[in-house]
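Worksheet for the structure shown next.
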């Protein structure tokens, strides 16, 4: 009996971590873990079973553990994917923000170049002014077109930035919900552990009374 009771001395942090992972989908994984723990405790404390019954109960425990491990693996993969996706969105947001800043600087520079070109044309004589207008006409149109392209690019990047912000906000809310669920699960686990501890004490007291009789 003492060897079996040693198996019950599990690390509390490890039990808590696995329990949080197992209840990731909220579809009864926590209940499945509770049932498995109860089956294991019953299997350890029961001595009046036949060998066939002990083998059958042992196989039930293994089946429950396999289901819990599968659910835990699925939850770990989901959490890893969410974290990676949030990191990718953060990096994309930084790149877009930098692109917008670069485009704004280019736009300012282009406007300054345009103003300088206008001042140069104004200070030249009529003939040189006409020649400059003719020679630079295509350059001026090209500059204006470039300005328009940059403005359009800034609008597009700004829209993309807004979309990324919305997605990040959505992920943050989902992550907060997940943390809230983990907190609730922690409270439930503490309550169940308290009840199970009382049950184990009651079972032990009953066994002592039977031994005394």
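In my numbering, the protein residues as written are 122 to 334. Glycine is no exception: its CB is placed at the ideal position from the N, C-alpha and C atoms.
Do residue i and residue j have their C-beta atoms closer together than 9 Å?
i: residue 211; j: residue 289; result: yes
i: residue 197; j: residue 228; result: no
i: residue 278; j: residue 232; result: no
i: residue 235; j: residue 199; result: no
i: residue 214; j: residue 282; result: yes
i: residue 217; j: residue 285; result: yes
Do you know how far the Cα of residue j is from the Cα of residue i?
i: residue 204; j: residue 292; result: 9 Å
i: residue 276; j: residue 309; result: 50 Å
i: residue 184; j: residue 191; result: 11 Å
i: residue 274; j: residue 243; result: 31 Å
i: residue 209; j: residue 307; result: 30 Å
i: residue 188; j: residue 270; result: 57 Å
i: residue 241; j: residue 219; result: 33 Å
i: residue 158; j: residue 176; result: 17 Å
i: residue 162; j: residue 207; result: 41 Å
i: residue 223; j: residue 314; result: 58 Å
i: residue 239; j: residue 287; result: 43 Å
i: residue 172; j: residue 178; result: 10 Å
i: residue 301; j: residue 261; result: 59 Å
i: residue 170; j: residue 164; result: 9 Å
i: residue 152; j: residue 297; result: 23 Å
Could you pull the start and end residues of the alpha helix (DSSP H) that residue i belongs to?
i: residue 170; result: Here residue 170 belongs to no alpha helix (DSSP H), and DSSP marks it neither H nor E.
Using DSSP with H/G/I as helix, E/B as strand and the rest coil, what is residue i?
i: residue 144; result: Bear in mind that a pLDDT of 48 at residue 144, under 50, signals an unreliable position, so the number given afterwards is only what the model happens to contain. Reduced to three states, the DSSP call for residue 144 is coil.
i: residue 293; result: helix
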